[in-house]
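Colleague: Below you will find the structure I want to go over with you.
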Amino acid sequence: TSATPVATAVTATHCPYCALQCGMGLTAGTGGGVEVVERAAFPVNKGALCGKGRTAPALLSSRVRLTEPLVRSHATGKLAPATWEEALDRIAAELSRARAEHGADSCGVFGGGGLTNEKAYALGKFARVALGTSQIDYNGRFCMSSAAAAGQRAFGLDRGLPFPLEDIPRTGCVILVGSNLAETMPPALRYLTELRENGGTLIVVDPRRTRTAEQADLHLAPRPGTDLALALGLLHLVVAGGRTDDAFIEERTTGWEEARAAAMAHWPELVERITGVPVPQLRETVRMFCDAKAAMVLTARGPEQQSKGTDTVGAWINLCLATGRAGRPLSGYGCLTGQGNGQGGREHGQKADQLPGYRKLTDPAARAHVAEVWGVDPDTLPGPGRSAYELLDALGGDIRTLLLMGSNPVVSAPRAAHVEERLRSLDFLAVADVVLSETAELADVVLPVTQWAEETGTVTNLEGRVLLRRRAVSAPDGVRSDLEVLHGLAARLGHGKKFPTDPREVFEELRRASAGGAADYSGISYERLTEGEGEGVFWPCPRGDVEAGGEAAGGEEAVHPGTPRLFLDRFATEDGRARFVPVVHRPAAEEPDAEYPVLLTTGRVLAQYQSGAQTRRVDELNSAAPGPFVEVHPRLAARLGIAEGEAVAVVSRRGRAVAPARVTSSIRPDTVFMPFHWAGEGRANSLTHPALDPVSRMPEFKVCAVRLEPAEPM
Ligand code: SF4
1 TSATPVATAV TATHCPYCAL QCGMGLTAGT GGGVEVVERA AFPVNKGALC
51 GKGRTAPALL SSRVRLTEPL VRSHATGKLA PATWEEALDR IAAELSRARA
101 EHGADSCGVF GGGGLTNEKA YALGKFARVA LGTSQIDYNG RFCMSSAAAA
151 GQRAFGLDRG LPFPLEDIPR TGCVILVGSN LAETMPPALR YLTELRENGG
201 TLIVVDPRRT RTAEQADLHL APRPGTDLAL ALGLLHLVVA GGRTDDAFIE
251 ERTTGWEEAR AAAMAHWPEL VERITGVPVP QLRETVRMFC DAKAAMVLTA
301 RGPEQQSKGT DTVGAWINLC LATGRAGRPL SGYGCLTGQG NGQGGREHGQ
351 KADQLPGYRK LTDPAARAHV AEVWGVDPDT LPGPGRSAYE LLDALGGDIR
401 TLLLMGSNPV VSAPRAAHVE ERLRSLDFLA VADVVLSETA ELADVVLPVT
451 QWAEETGTVT NLEGRVLLRR RAVSAPDGVR SDLEVLHGLA ARLGHGKKFP
501 TDPREVFEEL RRASAGGAAD YSGISYERLT EGEGEGVFWP CPRGDVEAGG
551 EAAGGEEAVH PGTPRLFLDR FATEDGRARF VPVVHRPAAE EPDAEYPVLL
601 TTGRVLAQYQ SGAQTRRVDE LNSAAPGPFV EVHPRLAARL GIAEGEAVAV
651 VSRRGRAVAP ARVTSSIRPD TVFMPFHWAG EGRANSLTHP ALDPVSRMPE
701 FKVCAVRLEP AEPM
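Read left to right, the sequence shown gives residues 1 to 714 (the working numbering).
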């Protein structure tokens, strides 16, 4: 197939991959198909793209994309082409059968942080209205849920960054914790470069000396799983050195005494023993952070993907609050969300405990509001369901069927071999995807769906900036949008009228559903999102006069400018004060021992994205990063007799993965690193631990115990 542009001019749209949501233009290529052109006026990336964004059109016309539904034959056991009617009939029949035989909660739904706001909204509504199931969650649970939980706990609201990226170069000091921006979202690196050019300082906390850490004024390399102790040690030094902002603590926070006492139990020497970070580096960090006129702490997956992720992020937030580095211009705590719509995807109802607008599913007023918009009785809405890993773990048990959109848990879930086995044990699995991912290969029905540039929809980037990703090319024959899929299934289940297929219509409904909620989109419209350079609108953006029923009172629409900066006057808690939460260090769920003596941490590489379902199918990216590897420190390699490039087996209590060794002194001697984008024998998530954070239910992707063994040459 060859993608055909829908307009002769350039269509302004956005990259399909990460949460930066870089602006790009798509136009007709000289040799046919479509071509990416620079969109320099879009403020976030100013035209810059990484290789993933630049090559994104390749997947539009790829010969490996799906263009017809596949249904598993009862006779042969193989997937075979079918019509859309056959495929949708089969899914609806299986969902109905499961509901009749085992109850509504036997139907599971699993979404993704790459789905547009409209799709995430429609999927949550589909689960709760058309299926009546509580069993819905999404892969964003694996991404930033600990930061979201910690932000809610401290500030009463979670928005990845409570300030625009453009504030970063103007602050005085940034502590970047567990983020390798140089590989995950390279165009964002310029904000840190500009910070340093302006005289600011950059401190990077990462067990690896990454390309990002190489840019830092100071690199702290703690043992994986000890960032909580590190943050407490810094707070201890802040208190001991008299560097707290007592007026801020008094006027704008609660709970300081308990948090202070918890930090004071973490002496610098103890913290050095736990983390491996020398005391002088701790002191230097405090000096740089406190001497700056304004300062920020930014976290990503490193501190978040731990079984104590919420408390770890909470410890960094406490550091910000104690020094008055929150709720003030050019200062604050922020999370660098990872997935393309990781932010919007967690706001509109595909999360197990949430309704649209960041409303709580357990709040009677929230249920009543959303039920009115949906035209259903609030008492019919199910309650909260299981979190992502718990849901996957229950497959084949009391969850008998699963509808999955925009996710590939066979590669991306922790303890992946077990998750794969659970998926195989289902009575029925339906997957909607662009390609035959490793998860789709296990399905009974696979639905081929449209992708980013073939459909219009909104996404919300890591700054809380709502953007319109516009349709730029026509979709190949045979594919349908996820919204059409949900409509088709809902119609077969007797709810078709409640599930429009036009994204604009869905967004108009989402506006009403979110009105009055924390993530209020009611003042945002498709028209506003196309204004100017399409730079978007930051939520909350209330329209005040929009009621659940619909139209603005008096006909005139009140225009709210959006909210680029949060918390400057008050935090979003009931009393307007930020809450210190006392936290203490504790070990990871699995620490090294005689049998498994080495720590494993996992992460990403520049040319691949998430489970690799898309990027592994783009030739240029595949050539740049063709497979997994294991980073091993030269001392560990020498002790184990491992040579550069040699196949090494990494073994944990959950499985085994084989990949070539990369011997490098950029990793700690007690730790090995594997990227997680690949399936098969190099699947890093065969090894990872599913221990969950008690608050966020985030699995511990970043720390587990392994041993290394020689492997057969690859
Ligand atoms: Fe796409 Fe992220 Fe790369 Fe930008 S940084 S081009 S959004 S993958």
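Glycine included, C-beta positions come from ideal geometry on N, C-alpha and C. Note that the structure is a prediction, hence the values are computed from the model and not measured.
In the DSSP assignment, find the alpha helix (DSSP H) that holds His418 and state where it starts and stops.
Modeller: His418 -> alpha helix (DSSP H) spans 416–424.
Colleague: Can you tell me which of the three DSSP states Arg196 falls into?
Modeller: helix
Colleague: Please tell me whether Trp374 and Lys125 are closer than 8 Å, where the distance is taken between their beta carbons.
Modeller: yes
Colleague: Quick check: the Cα distance between Gln354 and His369, rounded to an integer number of angstroms?
Modeller: 13 Å
Colleague: According to DSSP, is Ala732 helix, strand or coil?
Modeller: A query on residue 732 cannot be resolved here, the shown segment of the chain reaching from 1 to 714 and no further.
Colleague: Tell me whether Lys52 counts as near the ligand SF4, meaning its Cβ is closer than 7 Å to at least one heavy atom of that ligand.
Modeller: yes
Colleague: Go ahead and label Leu392 buried or exposed: buried means 16 or more other beta carbons lie within 10 angstroms of its beta carbon, across all protein chains shown.
Modeller: Flag for Leu392 reads buried.
Colleague: Buried or exposed: which applies to Met405, given that a residue is buried once 16 or more other Cβ atoms fall within 10 Å of its Cβ?
Modeller: With 16 or more other Cβ atoms within 10 Å, it is buried.
Colleague: Quick check on DSSP: helix, strand or coil for Met296?
Modeller: strand
Colleague: Opposite Ala28 in the DSSP bridges: which residues?
Modeller: Paired residues: Val34.
Colleague: Considering only DSSP beta bridges, list what Glu395 is partnered with.
Modeller: Inspection of the sequence shows that residue 395 is occupied by Leu rather than by Glu. According to DSSP, which records beta bridges pairwise, Leu395 is partnered with Ile399.
Colleague: List the whole-angstrom C-beta distance separating Gly523 from Leu467, where the pair is believed to meet the contact cut-off of C-beta under 8 Å.
Modeller: Rounded, the Cβ-Cβ distance is 15 Å, inconsistent with contact.
Colleague: Taking only runs of the beta strand (DSSP E) that begin and end inside the stretch 242–330, which ones reach a length of at least 3 residues, in chain order?
Modeller: 295–299
Colleague: When the Cα atoms are used, what is the spatial distance from Ala122 to Gly494?
Modeller: 16 Å
Colleague: With DSSP as the reference, label Ala659 as helix, strand or coil.
Modeller: strand
Colleague: In this structure, how does DSSP classify Pro207 when only helix, strand and coil are distinguished?
Modeller: coil
Colleague: Return yes when at least one heavy atom of the ligand SF4 lies under 7 Å from the C-beta of Tyr191, else no.
Modeller: no
Colleague: Are there three or more Cβ pairs, one per stretch, closer than 8 Å when the stretch 228–248 is compared with the stretch 264–283?
Modeller: Taking a cut-off of 8 Å for Cβ pairs, the stretch 228–248 and the stretch 264–283 touch, as three or more such pairs fall below it.
Colleague: Given a threshold of 16 other Cβ atoms within 10 Å of its Cβ, counted over all protein chains shown, does Glu620 qualify as buried or as exposed?
Modeller: exposed
Colleague: Please find out if some non-hydrogen atom of the ligand SF4 comes closer than 7 Å to the beta-carbon of Met144.
Modeller: no
Colleague: Evaluate Ile642 with the Cβ neighbour count: other Cβ atoms within 10 Å of its Cβ, from every protein chain shown; 16 or more gives buried, anything less gives exposed.
Modeller: buried
Colleague: Is Val445 closer than 8 Å to Arg90 when the C-beta atoms are compared?
Modeller: yes
Colleague: Is it the case that the CB of Asn45 approaches a heavy atom of the ligand SF4 more closely than 7 Å?
Modeller: yes
Colleague: For Pro164, tell me which candidate among Gly332, Gln451, Arg469, Arg616 has the shortest Cα-Cα distance.
Modeller: Measuring from the Cα of Pro164, the nearest candidate turns out to be Gly332.
Colleague: Does at least one heavy atom of the ligand SF4 sit under 7 Å from the Cβ of Cys22?
Modeller: yes
Colleague: Going along the chain, which unbroken runs of the beta strand (DSSP E) with 3 or more residues stay wholly within the stretch 327–370?
Modeller: Runs of the beta strand (DSSP E) lying entirely within the stretch 327–370 and spanning at least 3 residues, in chain order: 332–335.
Colleague: Bridge partners of His689, per DSSP?
Modeller: Per DSSP, the beta bridge partners of His689 are Glu700.
Colleague: Considering only residues of the same chain and omitting the five flanking positions on each side of Val313, which have a CB-CB separation below 7 Å?
Modeller: Cβ neighbours of Val313 beyond the five flanking positions: Ser146, Ala147, Ala150, Thr299, Pro303, Glu304.
Colleague: Rounded to a whole number of angstroms, what is the C-alpha to C-alpha distance between Ala7 and Asp433?
Modeller: 26 Å
Colleague: Can you have a look at Val14 and say buried or exposed, based on whether 16 or more other CB atoms are within 10 angstroms of its CB?
Modeller: The sequence shown places His at residue 14, rather than the Val named in the question. With 16 or more Cβ atoms within 10 Å of its Cβ, His14 is classed as buried.
Colleague: Just the Cα atoms here: how many angstroms apart are Leu176 and Met296?
Modeller: The alpha-carbon atoms of Leu176 and Met296 are separated by roughly 8 Å.
Colleague: Give me, in chain order, the residues of the same chain whose beta-carbon lies closer than 8 Å to that of Glu166; leave out the 5 immediate sequence neighbours on both sides.
Modeller: Pro43, Tyr191
Colleague: Alpha carbon to alpha carbon, what distance is there between Arg328 and Asp569?
Modeller: 8 Å
Colleague: Does the beta-carbon distance from Cys541 to Gly516 come in below 8 Å?
Modeller: no
Colleague: Given this structure, state the Cα-to-Cα distance separating Ala213 from Gly488, to the nearest angstrom.
Modeller: 49 Å
Colleague: If you draw a straight line from the C-alpha of Thr439 to the C-alpha of Pro364, how long is it?
Modeller: 37 Å
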